[in-house]
Amino acid sequence: AKNCGKNNAKLYSSSLTMQIMSHVKLEVGLRKALKNQELYLLYQPQIEVRTGEIVGVEALVRWRHPERGIVSPTEFIPLAEETGLIVPIGEWVLRTACNQAMAWHRIARRSLRMAVNLSAKQFKDENLSQIVISALHDTGLDPKMLELELTEGTLMDDARATMATLEQLRAIGVYLSIDDFGTGYSSMNYLKRFDVRALKIDKSFICGLPQDTENAAITRAIIAMAHGLKMVVVAEGVETDEQLLMLQEYGCDMVQGFYLGHPSPHEAITQILLQPCAA
Ligand code: C2E
Ligand code: CA
Ligand code: CA
Ligand code: CA
179 AKNCGKNNAK LYSSSLTMQI MSHVKLEVGL RKALKNQELY LLYQPQIEVR TGEIVGVEAL
239 VRWRHPERGI VSPTEFIPLA EETGLIVPIG EWVLRTACNQ AMAWHRIARR SLRMAVNLSA
299 KQFKDENLSQ IVISALHDTG LDPKMLELEL TEGTLMDDAR ATMATLEQLR AIGVYLSIDD
359 FGTGYSSMNY LKRFDVRALK IDKSFICGLP QDTENAAITR AIIAMAHGLK MVVVAEGVET
419 DEQLLMLQEY GCDMVQGFYL GHPSPHEAIT QILLQPCAA
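According to the working numbering, the sequence shown is numbered sequentially starting from 179.
In structure tokens form, the structure reads like this:
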């Protein structure tokens with residue numbers, strides 16, 4: 179049986195003091211991580227269901243800690259949010275990702291849409307649009323090839339400020355998608371008002387497919403609703419061919435998950451792009 183991606187089970191073997199200590203140490207380390215070039219990106223393929231072709235990637239950050247080895251973003255991104263370090267880290271992620279998208283374009287003459295995660299703190303940062311504009315300008319990436327992934331929580335926070343920021347991003351010409359869709363506060367109303375290209379169905383719904391009839395119903399409903407609103411649907415966490423077949427049957431547009439490709443170093447994506455189109 180699968181545990182449906184719940185990787186938040188922690189063993190509280192250490193004392194509270196120990197936990198706080200290691201938290202503080204991690205924070206000190208994170209402050210130096212950027213400067214010491216300990217962060218790097220992996221890229222996970224996003225596959226168009228109709229053609230089976232790779233049409234985009236999602237950039238996922240990793241931290242190579244000098245003593246602890248690879249630290250998961252589920253551990254250090256919340257810490258980066260708490261401390262505000264997410265703003266410089268996020269800017270680095272954005273620039274590195276845009277740069278990589280341009281590198282693939284030069285090497286393989288193929289354009290992949292680059293999806294970058296944006297945390298709530300970044301979204302609220304008053305310099306966000308300037309950061310996006312200069313990353314695009316400095317790398318030369320077409321705004322249409324950049325997609326920013328936001329969660330429902332980020333969008334629901336403060337309606338007026340959210341609308342203003344979304345309008346700025348729309349004016350730049352980047353695409354927006356809603357990440358982990360179905361897990362946050364969903365007001366169907368905002369889907370109508372915001373100019374969002376894609377919904378990403380959270381992997382917790384995909385995980386139990388095809389057996390779980392409730393998750394199947396939810397998945398179908400999300401796809402129908404998104405299509406009714408002229409949005410594209412991406413299913414996350416696709417791990418088996420049965421899941422892929424079911425999603426295909428439901429008319430899902432794009433898929434992402436271990437079955438189609440793990441988050442990989444940029445060289446591995448380059449290899450895929452250089453293969454003759456015969457998949
Ligand atoms: P997310 O944005 O929902 O990213 C998808 C996560 O699902 C990734 O975990 C990915 O490795 C994992 N995944 C992909 N396919 C499968 C699958 O088939 N099965 C399962 N069980 N998992 C799959 P990862 O890389 O550990 O990232 C975790 C979270 O950390 C991300 O969730 C995102 O919220 C955050 N994150 C990662 N990179 C960044 C970043 O650059 N900036 C920000 N703000 N957040 C990031
Ligand atoms: Ca994401
Ligand atoms: Ca997600
Ligand atoms: Ca997430």
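All residues carry an ideal CB built from backbone N, CA and C; glycine is no exception.
Residue i CB to nearest heavy atom of ligand 1 below 7 Å
i, result
"Pro266", "no"
"Ser297", "yes"
"Thr391", "no"
"Phe301", "no"
"Val310", "no"
"Ser250", "yes"
"Cys225", "Cys is not the amino acid found at residue 225; the sequence shown has Ile there. Flag unset: Cβ of Ile225 not near ligand 1."
"Thr435", "In the sequence as presented, Thr is not what sits at residue 435; that position holds Gly. Checking every heavy atom of ligand 1 against the Cβ of Gly435, one is found closer than 7 Å."
"Ile447", "no"
"Ile450", "no"
"Pro443", "no"
"Gln222", "yes"
"Ile400", "no"
"Val411", "no"
"Val352", "no"
"Val206", "no"
Assigned secondary structure, residue i (DSSP; H/G/I helix, E/B strand, else coil)
i, result
"Gly331", "helix"
"Gln449", "helix"
"Phe383", "helix"
"Met432", "strand"
"Tyr437", "coil"
"Glu345", "helix"
"Arg209", "helix"
"Val239", "strand"
"Thr274", "helix"
"Pro223", "strand"
"Val411", "strand"
"Gly234", "strand"
"Ala352", "For clarity, residue 352 is Val in the given sequence; the question names Ala instead. Looking at Val352 - three-state DSSP - the assignment turns out to be coil, as it is neither helix nor strand."
"Asn214", "coil"
"Phe254", "helix"
"Asn305", "coil"
Chain C contact for residue i (CB, 8 Å cutoff)
i, result
"Leu324", "This model lacks chain C altogether, as it is built from one protein chain only."
heavy atom of ligand 2 below 7 Å from residue i C-beta
i, result
"Glu325", "no"
"Glu236", "yes"
C-alpha distance - residue i paired with residue j, whole-angstrom precision
i, j, result
"Asp335", "Leu263", "20 Å"
"Gln215", "Thr343", "30 Å"
"Gly429", "Arg209", "44 Å"
"His283", "Thr274", "14 Å"
"His405", "Val411", "8 Å"
"Ser427", "His201", "Per the sequence presented here, residue 427 reads as Glu, with Ser not at that position. Roughly 46 Å between the two C-alpha positions."
"Val416", "Thr252", "19 Å"
"Thr418", "Tyr437", "6 Å"
"Arg371", "Glu345", "11 Å"
"Thr391", "Gln434", "21 Å"
"Ala339", "Pro454", "46 Å"
"Val374", "Ile198", "39 Å"
"Asn243", "Ala211", "Note that residue 243 is His in the sequence shown, not Asn. Their backbone Cα atoms lie some 8 Å apart in a straight line."
"Ser193", "Gln421", "42 Å"
"Glu236", "Glu245", "27 Å"
"Asn305", "Glu327", "18 Å"
"Gly234", "Met292", "6 Å"
"Glu414", "Leu204", "29 Å"
"Met280", "Met403", "34 Å"
"Met432", "Thr195", "45 Å"
"Ser297", "Glu259", "8 Å"
Environment of residue i [buried if 16+ CB atoms lie within 10 Å]
i, result
"Lys322", "exposed"
"Val249", "buried"
"Leu217", "buried"
"Ala395", "exposed"
"Ile401", "buried"
"Thr329", "buried"
"Ala376", "buried"
"Leu452", "exposed"
"Ala456", "Because the pLDDT of Ala456 is 47, which lies under 50, any placement of that residue in the model is unreliable, and the number read from its coordinates should be weighed accordingly. By the neighbour-count rule (16 or more Cβ atoms within 10 Å), Ala456 is not buried but exposed."
"Lys378", "buried"
"Val206", "exposed"
"Lys316", "A small correction: the amino acid at residue 316 is Asp; Lys does not occupy that position in the sequence shown. Classification of Asp316: exposed, given that the 10 Å Cβ count is below 16."
"Ala399", "exposed"
"Leu407", "exposed"
"Glu445", "exposed"
"Leu423", "exposed"
Using a strict less-than 7 Å threshold between each residue's beta carbon and the heavy atoms of ligand 3, what residues do you get? Asp357, Asp358, Lys378, Asp380, Lys381 and Glu414
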